[in-house]
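Here this note's numbering runs 19 ahead of the position in the sequence shown, where the first position is 1. Backbone N, C-alpha and C fix where the C-beta goes; we use that ideal spot for every residue, glycine too.
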Amino acid sequence: MSKNTMNTLIRFLILYHYGKKMPGLQTALLLANFEFLNTIFDSSKYEIGKE
């Protein structure tokens, strides 16, 4: 797992943790989720390209 993916995962978990307590962060949580999925997709694409 790349460092960038790890940082995004940590941010996602932090937002998820606070998002459950504060409904105002639901939008931020949703955006973080999309960013997280995009990061995984991008990193897997790069790994495939390396081979």
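8 Å CB neighbourhood of residue i in its chain, flanking five on each side removed
i, result
"THR86", "Here the chain covers residues 20 to 70 and nothing more, so residue 86 does not appear."
Cut-off 7 Å between Cβ atoms - residues of its own chain near residue i, not counting five sequence neighbours on either side
i, result
"TYR35", "LEU48"
"ALA51", "ARG30, PHE31 and LEU34"
"GLU54", "THR27"
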